[in-house]
Amino acid sequence: MKSYDPRINRLNLPKEENKEKALTPQENWATFEVFHQKKRGEQHVHVGIVHAPDPDIALLFAKEQFGRRRVTANLWVVKSSEIHASDYDDQDIFSTTPEKTYREASDYYVMDRIRKYQQAHGIEDRKELKRKKP
Amino acid sequence: MVPGFDPHNGRPEMYGNAYIETTPKTAGKSLTENEDPVKLAEFEARIAHGEKIEPQDWMPAEYRKQLIRMIEQHAHSEIIGALPEGTWITRAPGFRRKLALMAKVQDEVGHAQLLYSAAETLGKPREDMINDLISGKSKYSNVFNYPAETWADTAIIAWLIDAGAIINQVANSKGSYGPYCRALERICTEESFHLKYGHDNVVYLATGTQVQREMVQDALNRWWPPIMHFFGPSDKISVHTETLMKWKVKMASNDDMRQKFLDEYVPKIWDLGLTIPDPDLKKNEETGKWEYTEPDWEEFKRVINGDGPCNKERLAVRRKAEEKGAWVRRALIHDNEQYSIPLA
Ligand SMILES: [Fe+2]
Ligand SMILES: [Fe+2]
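In structure tokens form, the structure reads like this:
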């Protein structure tokens, strides 16, 4: 059928089907990982990738793709091949084992000990004093 | 169902929904025949726990293959889906609608980029995916092989086709593959604008003059069959389908998604006093399910295999765009550039 789009009719598309490959390998260049900062003062966060031949064009594409709709203060692009990542197979090295609770604030409680000492030595509790005084 | 039509041999491709084609080669075979049982058990346990799979993880060959095919087809659907609506940018009624339509079409092309990237993390270069689209080897959603005849068609597409896409994408965003889920999360946020924009356009026409009402009713009549085709034929529940569901590659059956769509949108269509061109369409209050006339699956099969009103035009336009840009891309290639698979 004839296209409803006048621009397409002006293209003079070939009638016969073409099974040839349109793209050659690596014609879409390398990939860059994109990091997006929403506001000054916030962290840059990884949001995805763009294909680009160099960092300048990567920034241009990143602006279109990741700064088009969301609020943006700043973008970084880094070549995918320049990223060094840890291995998911070694993920257990990050697990906080039960005996590491000494690293947690929640593992420290001193109030029971303080109260016990205050009672034994007649030290009046600060909060109690405050409540008694008008 | 059409007698003698096995949808799984007819290569019907959905928007972004997985299924296993049963060929003589795969029939009766397990999807995990040559996999290491220990690794497979770990992999399945991770998914059962609700954890995501990342590109660097071990995964069964069939998981990788199915995901590449599904995400790639989804990407193709976005990029080809931009064409029927794009037709109307130059003729959109009014400046605000023109701007909104340009923004929507640009979003759809952006969705394709996000999805190609997700598929790329599984090892298929983007050039190969685009070549497979243009040569007709790889499919895209069948609805985009139909033309947008009037402005009202773009309104129906933006409202109801995008609504169908959202149902599909929300389901898939809870799947197991990390990069696909991340892409879909962003896509779903953007789709909410498309849906509102489409609804706004339909409401404007439906509450307008007699001519405008007729125009939107005609468009709905034209688009109803492709909308019913959108989620694909009923799934044949096979061992393979069950495996894909366990792996959280396939997230819902085609029929379940079609029911969800009818449940949400038929009442909204009726709210506007529009009619749906199916006299048998009604909700069975006892079963809670919608009953409808089976769409013509023969036509679906014919169109998906290349014989639709716009198949040739869609691929030719895509090819022309690639050909026209080739000299710029090639001029910018650095010699000794090494390709590396994107990380996430
Ligand atoms: Fe989209
Ligand atoms: Fe959309």
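Residue numbers (the working numbering), protein chains in the order written: chain D, 5 to 138; chain C, 43 to 386.
From the three backbone atoms N, C-alpha and C, an ideal C-beta is built for every residue, glycine too.
- Using a Cβ-Cβ distance cut-off of 8 angstroms, the segment 85–95 of chain D and the segment 108–117 of chain D are not in contact, since fewer than three pairs of beta carbons, one from each stretch, lie closer than that value.
- In summary, the residues of the segment 24–40 of chain D whose CB is separated from some CB of chain C by less than 9 angstroms are Glu24, Lys25, Ala26, Leu27, Thr28, Pro29, Gln30, Glu31, Asn32, Trp33, Ala34, Thr35, Phe36 and Glu37, in the order they occur in the chain.
- Taking a contact to require three or more Cβ pairs closer than 8 angstroms, the segment 250–266 of chain C and the segment 192–202 of chain C qualify as touching.
- Approximately 11 angstroms separates the beta-carbon atoms of aspartate 204 of chain C and histidine 153 of chain C; this is outside 8 angstroms, ruling out the contact.
- Rounded to the nearest whole angstrom, the C-alpha separation of valine 38 of chain D and glutamate 336 of chain C is 46 angstroms.
- Residues are counted here when their Cβ sits less than 8 angstroms from a Cβ of chain D; for the segment 363–386 of chain C these are Glu364, Glu365, Ala368, Arg371, Arg372, Leu374, Ile375, His376, Glu379, Gln380, Tyr381, Ser382, Ile383, Pro384, Leu385 and Ala386, given in chain order.
- Proximity of chain C to proline 18 of chain D at the Cβ level (cut-off 8 angstroms) is accounted for by Ala358, in chain order.
- Chain C has a Cβ within less than 8 angstroms of the Cβ of histidine 50 of chain D.
- According to the DSSP assignment, glycine 123 of chain C belongs to the alpha helix (DSSP H) that extends over 103–128.
- For alanine 386 of chain C, the secondary structure class from DSSP, reduced to helix, strand or coil, is coil.
- Of the candidates C:Arg371, C:Arg356, C:Trp369 and C:Cys223, the residue whose Cα lies closest to the Cα of serine 177 of chain C is C:Arg356.
- At a C-beta separation below 8 angstroms, tyrosine 8 of chain D has these neighbours in chain C: Thr129, Pro189, Ala190 and Glu191.
- By the Cβ test, the segment 273–282 of chain C is not in contact with the segment 228–245 of chain C, since fewer than three Cβ pairs between them sit closer than 8 angstroms.
- Using a Cβ-Cβ distance cut-off of 8 angstroms, the segment 286–295 of chain C and the segment 207–219 of chain C are in contact, since at least three pairs of beta carbons, one from each stretch, lie closer than that value.
- DSSP places asparagine 173 of chain C inside the alpha helix (DSSP H), whose first and last residues are 168–176.
- Apart from the 5 residues on each side of it in sequence, serine 7 of chain D sits with its Cβ closer than 8 angstroms to the Cβ of Asn13 in its chain, given in chain order.
- Nearest to glycine 250 of chain C by C-alpha distance, out of C:Cys223, C:Met299 and C:Leu316, is C:Leu316.
- The secondary-structure analysis by DSSP pairs lysine 120 of chain D with nothing; it has no beta-bridge partner.
- Residue state for phenylalanine 85 of chain C is assigned as helix, using DSSP reduced to three classes.
- Taking a C-beta distance under 8 angstroms as the contact criterion, histidine 40 of chain D and phenylalanine 70 of chain D qualify as a contact pair.
- With contacts defined by Cβ atoms closer than 8 angstroms, alanine 190 of chain C and tyrosine 57 of chain C do not form a contacting pair.
- By alpha-carbon distance to alanine 358 of chain C, the top candidate from D:Arg11, D:Asp9, D:Leu17 and D:Glu31 is D:Leu17.
- In the structure shown, tryptophan 332 of chain C falls within a strand segment according to DSSP collapsed to helix, strand and coil.
- Straight-line measurement puts the Cα of valine 345 of chain C at about 34 angstroms from the Cα of glutamate 68 of chain D.
- The segment 141–156 of chain C makes contact with the segment 223–231 of chain C; the number of CB pairs closer than 8 angstroms reaches 3 or more.
- At a Cβ-Cβ threshold of 8 angstroms, isoleucine 375 of chain C and proline 59 of chain D do not count as neighbours.
- Contact between proline 351 of chain C and asparagine 187 of chain C holds, since their C-beta atoms are separated by about 7 angstroms, short of 8 angstroms.
- Here aspartate 78 of chain C has no same chain residue with a Cβ atom under 6 angstroms from its own Cβ, once five neighbours each way along the sequence are excluded.
- Chain order gives the chain C residues near histidine 55 of chain D as Arg168, where near means a beta carbon separation below 8 angstroms.
- Residue state for phenylalanine 36 of chain D is assigned as strand, using DSSP reduced to three classes.
- In this structure, leucine 164 of chain C places its C-beta atom within 8 angstroms of the C-beta atom of proline 97 of chain C.
- For a cut-off of 8 angstroms, the C-beta gap from glutamate 104 of chain C to threonine 74 of chain C is around 7 angstroms, short enough to register as a contact.
- In this chain, the beta strand (DSSP E) harbouring asparagine 78 of chain D covers 78–83.
- Glutamate 355 of chain C has a beta carbon lying within less than 8 angstroms of a beta carbon in chain D.
- For proline 351 of chain C, the chain D residues whose C-beta falls within less than 8 angstroms of its own C-beta are Met5, listed in chain order.
- Across the structure, leucine 27 of chain D and tyrosine 158 of chain C are spaced so that their CA atoms are roughly 15 angstroms apart.
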